[in-house]
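All remarks here apply to the structure that follows.
There are 2 protein chains.
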Amino acid sequence: MPDSVTLSHVAREAGVSPSTVSRVINGTARVAPEKERAVYEAIRRLGYQPNLIAQGLAKGKSMSVGVITQDVASPYYGEVIKGVEEGLSGSPYYPVFASGHWRPDAEREAFKVLNGRKIDGLIVMGGLLPDDELRALAGGLPTVVLGRTVPGLEPDCLTVDHVQGAYEATRHLIDLGHRRIAHIAGPLYQQDARDRLEGYRRALADANLNFDPRLVVEGDYHEPSGLMAVEALLARGALFTAIFSSNDQMAYGARLALYRRGIQVPGEVSLVGFDDLPGSSYTTPPLTTVAQPSLEFGREAARAILSKLEGRPYAFAPLANRLVVRESTALLRQGVR
Amino acid sequence: MPDSVTLSHVAREAGVSPSTVSRVINGTARVAPEKERAVYEAIRRLGYQPNLIAQGLAKGKSMSVGVITQDVASPYYGEVIKGVEEGLSGSPYYPVFASGHWRPDAEREAFKVLNGRKIDGLIVMGGLLPDDELRALAGGLPTVVLGRTVPGLEPDCLTVDHVQGAYEATRHLIDLGHRRIAHIAGPLYQQDARDRLEGYRRALADANLNFDPRLVVEGDYHEPSGLMAVEALLARGALFTAIFSSNDQMAYGARLALYRRGIQVPGEVSLVGFDDLPGSSYTTPPLTTVAQPSLEFGREAARAILSKLEGRPYAFAPLANRLVVRESTALLRQGVR
DNA sequence: CTGAAAGCGCTTACAG
DNA sequence: CTGAAAGCGCTTACAG
């Protein structure tokens with residue numbers, strides 16, 4: 001932190017008191033036009049920039065909002081983070097990130113750090129912190145929770161309906177004539193993974209198709225688990241003509257497993273993902289998937305926290321997933337498998 | 001910022017002066033064992049957490065390092081950011097991110113914000129800020145520049161040798177028998193894109209192959225431009241049996257263009273990328289590419305800035321790209337194209 | 001070893 | 001409209 005020009009310097013330069021300088025900067029009280037001009041002039045001349053740290057201490061707020069994310073390098077969270085960044089830009093608030101790495105203790109640690117930095121608000125993206133701890137946090141701080149619904153905290157929770165998204169994906173496969181549809185589930189300790197499994201089951205049920213547990217394998221949302229899931233399915237002799245993967249990354253893995261086995265997509269097996277990652281329109285073939293409004297998700301979270309910070313309650317805009325049909329799904333060809 | 005327990009509360013509770021509490025917290029002077037114990041006890045009982053903002057103001061340092069990144073949601077930067085995060089964790093310093101979006105004015109703005117937050121050090125990832133501005137920044141603040149070399153600032157700049165990486169990629173293709181190798185370049189206003197083009201040219205020259213400008217197309221490092229590049233190549237009737245793409249994302253685009261035309265990879269055209277994004281081992285076929293040590297890149301930056309913050313000079317550990325041969329490249333088949 | 005005091009750079013009642 | 005003063009929560013010479 002190099003020595004820098006302070007408010008007092010500006011005051012001296014402008015021939016007014018520090019209080020006055022503060023007032024013109026914050027527009028917090030009427031100031032004589034000449035003085036105002038003098039202050040602005042001095043600011044310009046000195047290249048003065050307010051010390052946000054000092055401001056924070058004096059005002060009792062740091063003008064920052066903490067964001068607990070799980071993995072900055074994940075393509076999905078990357079988009080959400082970007083949305084938060086965009087949503088906050090232009091406001092006086094600044095995001096400060098901390099990673100939970102999907103470990104409750106890391107999340108607690110992240111919160112402690114953020115708390116020490118006196119954040120004014122908190123955005124929690126998913127995570128595994130128990131509901132009651134989340135409620136405690138939200139009790140002490142304006143909070144927005146992304147991707148999970150915490151009982152008692154509903155108005156602060158923003159989620160997208162994954163059941164519906166998964167339902168549509170499965171329905172799409174059924175409409176194409178598929179009857180034996182495998183599902184690569186996400187880690188079932190996560191709400192969204194359970195929801196997507198549920199959507200899959202409902203679509204089957206509504207089409208009078210039996211749910212066959214031998215057709216579902218649990219993965220961990222990463223590519224290798226998608227590959228292993230297909231291997232597992234094949235190893236157990238499961239018959240299927242389509243796969244609904246709980247996210248795109250696992251679908252990539254599944255795609256590769258199929259490729260290695262020489263199984264055509266979508267010729268022999270149709271494949272649907274979930275998330276619509278940026279790369280999914282560039283897989284071969286381009287992946288049919290459920291698009292999540294991840295950028296908008298982040299923006300919406302930013303808007304919500306901004307409102308709350310100003311003491312206004314906020315009603316989330318409804319956000320919906322939507323199926324994007326590309327080229328990895330096709331009509332069931334009779335006689336295959 | 002909810003009302004919280006302050007140092008004075010702890011002092012009162014422990015029956016000592018605030019100074020003493022500060023001293024035991026910071027281990028900044030010897031304190032009588034009983035008092036020390038009393039203080040710790042009080043801290044525990046009250047759940048006290050130091051206010052980093054106030055500490056920052058008093059100490060004249062904020063214990064934070066600013067990180068100017070270009071795009072948080074890019075898969076490549078995501079990894080680097082993660083590396084920085086990891087490298088800083090465990091230290092008392094905390095990263096604060098700001099995005100430059102590859103626009104000099106946005107970078108300036110980002111720096112202003114960070115400056116207002118009184119960061120103690122700065123990590124600049126790439127970007128388009130003119131060299132002299134970067135030198136000015138580095139003059140006022142411990143700085144580490146990633147991915148570009150600024151004249152006069154060499155000891156603060158960490159780069160990987162892209163010329164060498166591109167050379168190896170091209171060489172690999174040549175070794176496979178390819179003679180007509182197309183190159184999809186990155187945006188040539190970026191140093192790394194120019195370096196990779198240079199590596200391509202050198203490898204050709206060393207193999208006594210002519211450089212054919214009709215075989216190179218400039219893209220923008222994103223998928224669509226890779227697709228368009230192949231279209232352009234095809235449209236101009238260029239003959240090639242291999243493509244070296246300046247990054248993986250454009251290679252994905254190229255792959256799709258080839259797929260659409262029914263051109264086999266690697267049967268008819270071999271394809272090499274650069275970056276080794278997490279998804280590249282899961283494309284079909286898995287992509288041969290030049291692996292960048294992106295995570296390590298970020299960690300190294302963190303180590304460097306930490307050293308500098310403690311006043312110790314730092315010599316960067318050498319970081320190298322390495323070719324990862326997967327399945328998108330194959331021996332030239334005679335008679336094709 | 002330890003406390004009282006001053007100070008970090010701001011803001012904000014309080015007077016006028 | 002405007003200045004002097006107190007205060008935000010810490011740290012750190014300065015005395016003792």
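Line by line, the protein sequences are chains A and B. Under UniProt numbering, the first residue of the first sequence is numbered 1, with each subsequent residue one higher. Under UniProt numbering, the first residue of the second sequence is numbered 1, with each subsequent residue one higher. Even glycine gets a Cβ: it sits at the ideal position worked out from N, Cα and C.
{"Check": "Of all the options B/Pro155, B/Ser270, B/Tyr167, B/Gln70, which has the alpha carbon lying nearest to the alpha carbon of B/Leu129?", "Outcome": "B/Gln70"}
{"Check": "Since A/Asp132 is in the alpha helix (DSSP H), which residue starts that stretch and which ends it?", "Outcome": "131-140"}
{"Check": "State the Cα-Cα distance for the pair B/Val65 and B/Gly121, rounded to the nearest angstrom.", "Outcome": "5 Å"}
{"Check": "Report the residue from B/Phe244, B/Ala166, B/Ala232 whose alpha carbon sits nearest the alpha carbon of B/Arg202.", "Outcome": "B/Ala166"}
{"Check": "Under the three-state reduction of DSSP, which class applies to B/Met1: helix, strand or coil?", "Outcome": "With a pLDDT of 41 at B/Met1, under the threshold of 50, the predicted position of this residue should be treated as unreliable, though the coordinate-derived value follows. Three-state DSSP puts B/Met1 in coil, outside helix and strand."}
{"Check": "Where does B/Gly311 fall in DSSP's three states?", "Outcome": "coil"}
{"Check": "Please list the residues of the stretch 127-147 of chain A that have a C-beta atom closer than 8 Å to any C-beta atom in chain B, keeping them in chain order.", "Outcome": "Gly140, Leu141"}
{"Check": "Would you mind telling me which residues of chain B sit closer than 7 Å to A/Ser284, beta carbon to beta carbon, in chain order?", "Outcome": "Going by the sequence as given, residue 284 of chain A is Thr instead of Ser. Going along chain B in sequence order, the residues near A/Thr284 (Cβ under 7 Å) are Arg255, Leu256, Tyr259, Thr284."}
{"Check": "Check the Cβ-Cβ distances between B/Leu52 and every residue of chain A, and say whether any is below 7 Å.", "Outcome": "yes"}
{"Check": "Taking Cβ-Cβ distances shorter than 8 Å, what residues in chain A pair up with B/Lys308?", "Outcome": "Within chain A, no residue comes near B/Lys308; the closest Cβ sits about 14 Å away, beyond 8 Å."}
{"Check": "Check whether the Cβ atoms of B/Val5 and B/Leu52 lie closer than 7 Å to each other.", "Outcome": "no"}
{"Check": "If contacts are defined as beta-carbon pairs under 8 Å, then B/Ser270 and B/His178 qualify, I think. What distance do you get, rounded to the angstrom?", "Outcome": "6 Å"}
{"Check": "Do the stretch 177-192 of chain B and the stretch 138-145 of chain B touch if we need at least three Cβ pairs shorter than 8 Å?", "Outcome": "no"}
{"Check": "Helix, strand or coil: which one does DSSP assign to B/Ile119?", "Outcome": "coil"}
{"Check": "On the three-state DSSP scale, how would you describe A/Leu287?", "Outcome": "coil"}
{"Check": "Is it buried or exposed for A/Asp132, if we count other Cβ within 10 angstroms and need 16 for buried?", "Outcome": "exposed"}
{"Check": "Run the CB neighbour count on A/Ser281, radius 10 Å, all protein chains shown included, and call it buried at 16 or more, exposed below.", "Outcome": "buried"}
{"Check": "State yes or no: is the C-beta of A/Thr28 nearer than 6 Å to some heavy atom of the ligand ZN?", "Outcome": "Annotation note on the ligand ZN: not contained in the displayed structure, which lists no ligands."}
{"Check": "Please state whether DSSP places B/Gly273 in a helix, a strand or coil.", "Outcome": "strand"}
{"Check": "Less than 6 Å between C-beta atoms, sequence neighbours within five positions excluded: which residues of the same chain meet that for A/Leu277?", "Outcome": "Pro75, Asp248"}
{"Check": "Measuring CA to CA, which of B/Pro313, B/Glu310, B/Leu319, B/Thr149 is closest to B/Leu295?", "Outcome": "B/Leu319"}
{"Check": "What runs of the alpha helix (DSSP H), each 4 residues or longer, lie entirely inside the stretch 80-119 of chain A?", "Outcome": "104-116"}
{"Check": "Say whether chain B places a C-beta atom closer than 7 Å to the C-beta of A/Arg108.", "Outcome": "no"}
{"Check": "Leaving out the 5 sequence neighbours to the left and right, which residues in its chain are closer than 8 Å to B/Arg236 when beta-carbon positions are compared?", "Outcome": "Arg214"}
{"Check": "If the cut is a Cβ gap below 7 Å, which residues of chain B does A/Phe97 touch?", "Outcome": "Phe97"}
{"Check": "Would you report the Cα separation of A/Val272 and B/Arg260, rounded to the nearest angstrom?", "Outcome": "20 Å"}
{"Check": "Should A/Ala14 and A/Ala29 be called a contact, given that it needs their Cβ atoms to be closer than 7 Å?", "Outcome": "no"}
{"Check": "Is it true that the stretch 79-97 of chain A meets the stretch 295-315 of chain A, where meeting means three or more beta-carbon pairs spaced less than 8 Å apart?", "Outcome": "yes"}
{"Check": "Assign B/Phe211 to buried or exposed, taking buried as 16 or more other Cβ atoms, counted over all protein chains shown, within 10 Å of its Cβ.", "Outcome": "exposed"}
{"Check": "Answer yes or no: do B/Val163 and B/Asp195 have a C-beta to C-beta separation smaller than 7 Å?", "Outcome": "yes"}
{"Check": "When DSSP builds the beta bridges, which residues end up paired with B/Ile53?", "Outcome": "According to DSSP, which records beta bridges pairwise, B/Ile53 is partnered with nothing at all."}
{"Check": "In its own chain, which residues sit with a C-beta less than 8 Å from the C-beta of B/Ala330, not counting the 5 before and 5 after it?", "Outcome": "Leu176, Pro266, Gly267, Ser270"}
{"Check": "Report the three-state DSSP secondary structure of A/Glu36 (helix, strand or coil).", "Outcome": "helix"}
{"Check": "Can you look up B/Phe244 in the DSSP assignment and give me helix, strand or coil?", "Outcome": "strand"}
{"Check": "Return no unless some Cβ of chain B is closer than 7 Å to the Cβ of A/Leu331.", "Outcome": "no"}
{"Check": "Out of A/Tyr221, A/Pro187, A/Ala242, state which residue places its alpha-carbon closest to the alpha-carbon of A/Gly253.", "Outcome": "A/Tyr221"}
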